[in-house]
Structure formats: C-alpha cells, structure tokens
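Just below is one structure, and these are the notes that go with it.
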Amino acid sequence: MTMIQTKDVTKVYQMGKVQVHALRGVTVTIGKGEFVGIMGASGSGKSTLLHMLGLLDRPSSGSIALSGIDIGVLSDRERARFRLKRLGYVFQDYALVPELNVQENVFLASMVRGTKMLDYLSSTAQILALIGLGDRMAHLHNELSGGEQQRVAIARAIVDHPEILFADEPCANLDTASSRTVLDLFKTINMEREQTIVMVSHEEWHKEYFDRVLTLQDGLIIADTG
Amino acid sequence: MLTVLIIAMVFTNMIFMPSIVMGFIKNAEHQIITYSTGNILVEPVKDEEYITDVDSLLAKVNRVPGVIRASAQYSMGATLKNKAYKIGRPVIAIQPSNERLVTDVSKNMKEGDYLGDGELGQVIIGIQTAGHKDPTEDMGPTLGAVGVGDSVTVEYTNGVVRNYRIKGIIETFSYSADQDVYVTQEEMESVLGHPLDVATHVLVKTEPGVPEAVVKTQILRFGVREQVKTWQDLLEDAMGRAVQNFSMLNSITLIVSLVIAIVVLFIMIMIKTLNSRRQIGVLKAIGIEQGIIINNYLLQVLLLTILGIVLGVVVVEGMVAYLTVFPFKFPDGDITPYVTFSDLASNTVLILVAAMIAGYIPAWQVARMDILTAMRA
Ligand SMILES: Nc1ncnc2c1ncn2[C@@H]1O[C@H](COP(=O)(O)OP(=O)(O)OP(=O)(O)O)[C@@H](O)[C@H]1O
Ligand SMILES: [Mg+2]
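Chains A and B supply the protein sequences, listed in that same order. Read left to right, the first sequence gives residues 0 to 225 (numbering that gives the first Met the number 0). Read left to right, the second sequence gives residues 0 to 376 (numbering that gives the first Met the number 0).
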C-alpha cells in the first residue's frame, strides 16, 4: 500500500535576485511500513524535501499524495488537521514550546487531538520512560541538554502513533549509544506496528537500520536502494 | 509581569491627569459657591441698578423649600488708601449674622475676627487686598501688608471718606474672594445717610443634594420678579469661556493619555507577539489551528490587561486617598483629584479594546505567516 507518492516535486527559493533550486524534480513512491533513510551532502535538499512531505511547505511545482490524498488541493486548515491527526515530525532544531515543560510538550498535540487526559498522561509517561527521560517530565527545555531536547521532540512525534513519522536528523546531537536507543526504538515501532518512517541522516552507519536509502544531490535523487 | 506594570501605569496616567484637572474645576466651582455667589444669586431686574424692597424678597426666598438662607449684599465703589498705597475696590455691606449662614467667608479668617451685627467703623478685607508680609505672594496691587488693628482710609464714590480699623483679614484661597472688602449694613447706612432698603444682589444657600435648578424654579414660582441665577447659570454667563477651556483642556489631556496608552500597549504587545513568533510557528507545525492559537494568545493578553487594570485601579485609588488627606497645595487652594466611577469604567473599556486590537493584529499577522518562516525567527 502506497503511503507517499511524489511526482516531479521542485522547490525554488527566491533570495533577492538569486533563485535557489533546492529541489529539481523529485519523484518517489514509499509504501506503508517502509523505513526510509534520506541521505546526501549538506545543502542537497534533504530538509526541504521533508518539509514538503510533512505539509510544512508547498512545492513550487509537482504533486504529493499522502495515503492516496492529493495534499496540493487541501486548504491550510485541512493541512493543519492532517498534520495534527496523521503525521509526526521531528524537527532538525527540536522546536519545543519553551513555555511548556517536557511532559506538556509531549502531550500538547494529543490534548488538542482530543485524547482523554488519563490516556495521554499515561502514554506520555510511557514514551518518556522508554526514551530515557522518565525523570525529567517537569523540566523546561532550557534545563535540558541538546540531546535530551531532541529526545523530547522524538517522543512528541511518536506518542500518538502517526501514520507517517518524519524525522530530520533526529540523532544529530546524540552520542552513539543514545543514537542506537532512538534507532532501535524506531526499528521496533517500524516492525511491530508497520510504522512508516522517513528519516534524514548523514551518518553512514545508520544505513543498517534503513530498509531503503534515497540519496539526494543538488535537489535530485541520484540513488535509490529500494 | 512587565506587561502588567506597564498597563497599570498607562491606566493610571489616563485617569490621573484628567482627574487633577477635574479637581481644579471642582475646586473653582466650590470656591465660587462658598465664597462669592452662594448656590443661587438674585440680581436686580434687568436694566435696574438695585433690588428694591429687599426685606420682602428675603422673607419670600427664605420660605422657599430647599433654601437654607438668603443674604442681601449692597456694594458701592470706593478707593482704599494706606500710606502711599491706593487701590479701587467695591465695599460690600452685609448683615453678618445672616451672611454667616450663606457663605463660608466667616470661617476663613486668617487674622482677627469676622464682623458682628451693627458694628461701626470696622472693616474686614481679603488678603489679596491687604497684601502679604512677603510681597512676592501678592498677585496684584495691595495696601502694602496691612494687618489687624491697622487703619485704612476709604473714599466712597459718593464723596464720603471714612477711616476704618481693620477687624480681620480673610484668606479663602479663592483669588476673587480674597480681594473682597466688607463692612456692616449699619456702617453703609451711615455712609449713605439713610436706611438701606435696597441691595445689589442677594446670595442664596440651598440644601445640599437639592438641585439648584429646582430651587430656582421654586423661587420664581414664589413670585420673585428679579433675575434668579444658579451658580451654573453664572458660570455659563460670566466664566463660560474659562470653564469651556477647562473642559477642553481635560478632553485634550484625556485624548493624549488615550493615544499614549494605545501606542504603548500596541508596541508592547507587538513586541511580545513577535517574540513568540517561533512558538506560534511550532504550534502551527504541530497542526494546531490558527484560530485556536490566536484566541489562546488573546486570552493571555486579556488576562495580563485585566491584571494591569486591577493594579491601575489600586494605584489610582491609593493616590486619590493619599491626596485627599495630603492635597496638592496650589495658589488657588488645595486640589484633590476627582475620579468618578464612570471615569474608571470607561477607561477600563478603552484599555481593554485597545489591548485586544493591539494583540489581535500582530497575533493574526504572525499566525498567518508560513510555518517555516515563523519557526526560523
Ligand atoms: N528558506 C530558504 N530560503 C532560501 N534558500 C533556502 C531556504 N531553505 C533552504 N534553502 C537552500 O536550499 C538548499 C537545500 O537546503 P536544505 O535545508 O534542504 O538542505 P539539507 O540537505 O537539509 O542540508 P543540511 O544537511 O545542512 O541540513 C540549500 O542550498 C539551502 O541554502
Ligand atoms: Mg537539513
């Protein structure tokens, strides 16, 4: 079953008079339950592609369908609902809400989704324990290390089992041991729940976790192991 | 917290300056009523110089419900002299026991005593006519600091010249009342050489709480032919311009404070919003709807604004309470700020509206921004 289908996706950034072609026509199909790694040099367009797939930005041309839904025709409001209900996203810069503590950051989205309080409190506690932050529930983001903030961002993205999990370099600030914890966790939910995961990485050794690797260069997919 | 403090200050500023101006106006009105005109002033029929048949007029007016007391005054032009000092002032003849019940001049004797009924050869004069020991406090020509027991020469316009002993000095802090010169009715009769059966005007004191206009209607209904004017009428006639200017000044002060309030609120809330741009971006990225984000944000602003207003009310009330006990000293007397409940209420509404607008526009702008731009902030 196809989860993600893109056709000739381009993205052009206008920087004053200069045009930056971040994506030059990406066509790819990703099925349910795939664990896909996007790799490539810095500036090759990895984050840009993930933004398009995660409904955070609109492509300059081309089309994207998620779960068979053409997201190009959705209104901003429908896209917001789509993100809230069906997607999980780990940002490269964590993007935690500074006024909220660890626990609140994790259950904020569940709360807005309308999950019962007892349910989201227990699932939040569970995921934080799993990711090694069980004793940091009441901390604010500025009381956490970069790696800890990154793990909070991961917990927030996966707590409600999204249809698709996007992660932009989720291990960038983690040591090898913590990275393995996160990747093992990803692999587990990928195997057990058929969780579709699209993850950006530039660490060669991460490849051992991926079912499939897409390599980007100058806004184009130059290699696809799938 | 800073937000709350600033809103409180803005609120205080909005209320406080106009309240001081209102304090001035109320003070001026109070002075006119208690020292110069009474609540109601009866003047001669148009084009006549005197009120005739004073006794029957007084009897009539004193019977009107709502009237505490009426007192007749007869005033004649004169020149007052002390050594080389010489000034023109009308001399007002009064019946002291009656006048005491109508004006508060008798309660504001700086030195010496008020006149007694039937006293001859005595005069009481206002401090602005007598002159201060320190001449820099004088606001016009004076007799050069005469005091109780000194004598002054009075040349009446009918040619009669008298030497009077100063019995008392009046100090009310009302500039016009502090220029007045009083003698008894009997003294004036001796100057005129015949009994005094006319008056230049009659001052009427009414009961507190009864509107002067109502009493005025009653007086006219009792068959008084003379011109009857409430102090409000007089203000409109004579001082109309000054009062208008005063209330205009007040409106300007209010508008300026309001503009300052709105600008300050606007800038402050704008900065606050722009600072939370990233946060709003994150919330949107998660998928929280724009409307929810804006409403939530406005709720925060509303809460802060209400806290600020509450603090502002406390500060204003505190200052008013303090200044009622320790008023500002002005040459015109003690000024206490005058704040009404409706001032507080209308300014509260104005600030709330300003804060909501000031909060909504930037929140809407930021919430409308595309997610990645907002998050990059
Ligand atoms: N908002 C933007 N405005 C202009 N140019 C941009 C913008 N975002 C990205 N770019 C450009 O688009 C290209 C692709 O950027 P992108 O962030 O997708 O790269 P990346 O592969 O994620 O790199 P990294 O590994 O460093 O995160 C780069 O040349 C970048 O400078
Ligand atoms: Mg990137």
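Each residue gets a CB set at the ideal place from its N, CA and C atoms; glycine is no exception. This one's a predicted model, so the numbers in the text were calculated from it and none came from an experiment.
Judged by their CB atoms, Asp210/A and Glu33/A are nearer to each other than the 9 angstroms cut-off. Membership of Gln91/A in any beta strand (DSSP E) is not indicated, and neither H nor E is assigned to it by DSSP. Interface flag for Gly332/B against chain A is unset, since no Cβ pair is found closer than 9 angstroms. Identification of residues in the stretch 275-288 of chain B having a C-beta nearer than 9 angstroms to some C-beta of chain A yields Ser275, Arg277, Gln278, Gly280, Val281, Leu282, Lys283, Ala284, Ile285, Gly286, Ile287 and Glu288, given in sequence order.
Per the Cβ contact rule, the stretch 266-281 of chain B is in contact with the stretch 351-366 of chain B (3 or more Cβ pairs under 8 angstroms). Counting along the chain, Phe185/A sits inside the alpha helix (DSSP H) bounded by residues Thr175 to Arg192. Three or more beta-carbon pairs separated by less than 8 angstroms are not found between the stretch 208-227 of chain B and the stretch 94-113 of chain B, which leaves the two stretches without contact.
Pairing Ile14/B with Ile279/B, the inter-Cα distance amounts to about 35 angstroms. Within chain B, the C-beta atoms nearer than 8 angstroms to that of Leu55/A come from Ala284, Ile370 and Leu371, in chain order. Taking C-beta atoms under 8 angstroms as the contact rule, Ala21/A and Thr5/A fail to qualify, at a distance of about 14 angstroms.
Around the beta carbon of His193/B, fewer than 16 other beta carbons lie within 10 angstroms, which makes this residue exposed. The beta carbons of Glu28/B and Ala77/B sit no closer together than 9 angstroms. With a threshold of 16 other beta carbon atoms within 10 Å, Asp177/B meets it and is buried. Along the stretch 3-38 of chain A, the beta strand (DSSP E) occurs as fully enclosed runs of 3 or more residues at 17-30, listed in sequence order.
For Phe325/B, the three-state secondary structure derived from DSSP is coil.
Proximity of the stretch 210-224 of chain A to the stretch 15-31 of chain A meets the contact definition, three or more beta-carbon pairs being nearer than 8 angstroms.
The C-alpha of Asp159/A lies about 23 angstroms from the C-alpha of Ala171/A. Look at which beta carbons fall closer than 7 angstroms to any heavy atom of ligand 2; those residues are Lys45/A, Ser46/A, Gln91/A, Asp167/A, Glu168/A and Val199/A. In this structure, Ala357/B and Leu264/B form a Cβ contact; the two beta carbons are roughly 5 angstroms apart against a cut-off of 8 angstroms. Within 9 angstroms of the CB of Ala171/A, no CB atom of chain B is found; the nearest one sits about 17 angstroms away.
When beta bridges are read from the DSSP output, His200/B appears opposite Gln72/B. In the DSSP assignment, Tyr119/A falls within the unbroken alpha helix (DSSP H) covering Met116 to Leu129.
The three-state secondary structure of Asn81/B, taken from DSSP, is strand. DSSP, read as helix, strand or coil, puts Met138/B in coil.
Going by C-alpha positions, Ser250/B is about 14 angstroms away from Phe23/B. Taking a cut-off of 8 angstroms on C-beta distances, the stretch 167-175 of chain B touches the stretch 137-147 of chain B, as three or more cross pairs fall below it.
Relative to ligand 1, Ser59/A has its C-beta separated by 8 angstroms or more from all heavy atoms.
At least one heavy atom of ligand 1 lies closer than 8 angstroms to the C-beta of Met14/A. Chain-order list of chain A residues neighbouring Met374/B: Leu55, Phe90, Asp92 and Ala94, by C-beta distance under 9 angstroms. Residue contact check for Phe81/A against chain B: a CB pair falls below 9 angstroms.
Taking a contact to require three or more Cβ pairs closer than 8 angstroms, the stretch 322-337 of chain B and the stretch 141-156 of chain A do not qualify as touching.
Your pair Gly120/B and Arg164/B checks out as a contact, with CB atoms roughly 6 angstroms apart and the cut at 8 angstroms. Looking at the backbone, the Cα of Arg82/A and that of Lys206/A are separated by about 27 angstroms. Inter-residue distance for Ser109/A and Ser246/B is about 58 angstroms (C-alpha atoms, whole angstroms). Closer than 7 angstroms at the C-beta level to chain B, one finds no residue of the stretch 174-201 of chain A. Per DSSP, the unbroken beta strand (DSSP E) holding Gln226/B starts and ends at Gln226 to Thr229.
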